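Counting in my numbering, the sequence shown runs from 1071 upward without gaps.
Note that CB positions come from ideal geometry on N, CA and C, so glycine has one too.
If you're wondering where the values come from, they're calculated on a predicted model, not measured in any experiment.
Scroll down for the structure; my scribbles are underneath it.
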Amino acid sequence: MFPLFAAGGPIDPLMVLVGALILDAILGDPPWLWRTIPHPVALIGYLIGFLDDKLNRDRRSEVDRRLRGVLVVIGMVLGAAALGLAVTELRRRWFWGWAIEGVLIWMLIAQRSLFGHVASVARALDREGLAGGRRAVAKIVGRDPESLDQFGVARAAIESCAENFSDAVVAPVFWYVLFGFPGMLVYKTVNTMDSMIGHRSEQYLEFGMAAARLDDAMNLLPARLSGVLLSLACLFVPGGHPVTALRVMWRDHGHHRSPNSGWPESAIAGGLDLSLAGPRKYPGYVAQEKWIGDGRARATTMDIRRALMVLAVACLLDVGLVILAVLAQE
């Protein structure tokens, strides 16, 4: 039975997951709630930041910093797994425990918020021009926004849409289906560590190496599944090219510096007839990479909105896969 090690309680855990996905699609992340209580990811980030400040000092040797980074990863993963198991036991032993777990899943999934952040870039470009677009895209990408022209801003938004569909939607669902809430919480912890300390800058090259490698491993299958879902979603979007999406994904996924991000990004590039990635400037370094796709590099706000349509359909397909998993248990 799936999720592994997580059965029990009055409601099937996969049905709890389906309910949480629907809730997130409707409500997203309510800002009023996070003004009252801290978001779970914010708490994880606070702890990572504290450990980074205490353990990642410039005066320490490269070997020392790498070892300390490994210890941080081990400690954070064990802590997340223990907390996730406690939530699972609560669902098993208390009738309303499924509701607690469902709310926590809702907090850790980012379908609606991803859609909103990417859509805000298109609105900002239309209403405020390049300056507004740069401010909006800086909230969802790590590259230097001042290095982007209007086409670069649009491409960055589309790339973020594809990459975060994998990181923020498919991968958490994937790990929940396999290992229940502990799997999801461990994944979100590792992914948050990667986003905070898994950079190739001088400050984090050694300290964040373990976090980056573990994040790569945990995204290995979800990234490829994301690329397939995005490709299939192009079938339902006007002007989408699902076959081209699959072809470009297979051919160009290796052009990205990440072993995983290239899969969803190349799928959406092929599906929307765009060229994405290419050389990009980040704080402290420049990523000299090949272009992904054969289409236009001059992406527009219309292309961002087409990418959002692909995202919405791909999220529906993702929920459909979970429902199929529920039916397979019967």
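The alpha-carbon of V1383 is positioned some 15 Å away from that of I1228.
Within a 10 Å sphere around the beta-carbon of L1394 sit fewer than 16 other beta-carbons, which makes this residue exposed. Remark: C-beta atoms of T1262 and I1096 do not approach each other more closely than 8 Å. Taking the C-beta atoms as reference points, V1223 is found no nearer than 8 Å to L1248.
The residues W1361, G1363, G1365 and A1367, in chain order, have a CB closer than 6 Å to that of S1345 in the same chain once the five nearest residues on each side in sequence are set aside. Residue environment analysis places W1176 among the buried positions, since at least 16 neighbouring C-beta atoms fall within 10 angstroms of its C-beta. Per DSSP, the beta bridge partners of L1344 are R1366.
Taken in chain order, the complete alpha helix (DSSP H) segments of 4 residues or longer contained in the stretch 1163-1230 are 1167-1178 and 1181-1207. For the 8 Å CB-CB criterion, T1259 and I1092 do not form a contact. With a cut-off of 8 Å on Cβ pairs, the stretch 1309-1322 is not in contact with the stretch 1277-1292, counting fewer than three such pairs. By the CB criterion at 8 Å, L1087 and Y1246 fall inside the cutoff. Within the same chain, and ignoring the five residues on either side of R1375 in sequence, the residues whose Cβ sits closer than 7 Å to its Cβ are A1192.
For F1185, the closest of R1205, Q1220, V1239 and G1202 by C-alpha to C-alpha distance is V1239. For Q1399, the secondary structure class from DSSP, reduced to helix, strand or coil, is helix.
DSSP, read as helix, strand or coil, puts G1278 in coil. When the Cα atoms are used, V1392 and L1084 turn out to be separated by approximately 7 Å. It is roughly 18 Å from the alpha-carbon of A1206 to the alpha-carbon of G1098.
For N1330, there is no enclosing alpha helix (DSSP H), as DSSP marks it with neither H nor E.
Within the model, the alpha-carbon separation for M1146 versus T1370 is close to 40 Å. By the beta-carbon neighbour count (other beta carbons within 10 angstroms, threshold 16), A1152 is exposed.
G1332 is positioned such that its CB atom lies no closer than 8 Å to that of T1314. Distance from the Cα of V1111 is smallest, within the candidate group D1286, A1150, L1342 and V1380, for A1150.
Collapsing the DSSP output to three states places R1127 in coil. Membership of I1267 in the alpha helix (DSSP H) is indicated by the continuous run A1241 to I1267. The three-state secondary structure of T1314, taken from DSSP, is helix. A Cβ-Cβ contact shorter than 8 Å links V1380 with L1300.
Per DSSP, reduced to three states, the secondary structure at G1324 is helical. Cβ contact annotation for S1217 (same chain, cutoff 6 Å, sequence separation greater than five): K1351, in chain order. The Cβ-Cβ distance between V1211 and A1226 falls below 8 Å. Nearest neighbour of A1377 by Cα position, chosen from G1089, L1305, S1328 and Q1358, turns out to be L1305. By alpha-carbon distance to G1310, the top candidate from I1338, G1250 and I1179 is I1338.
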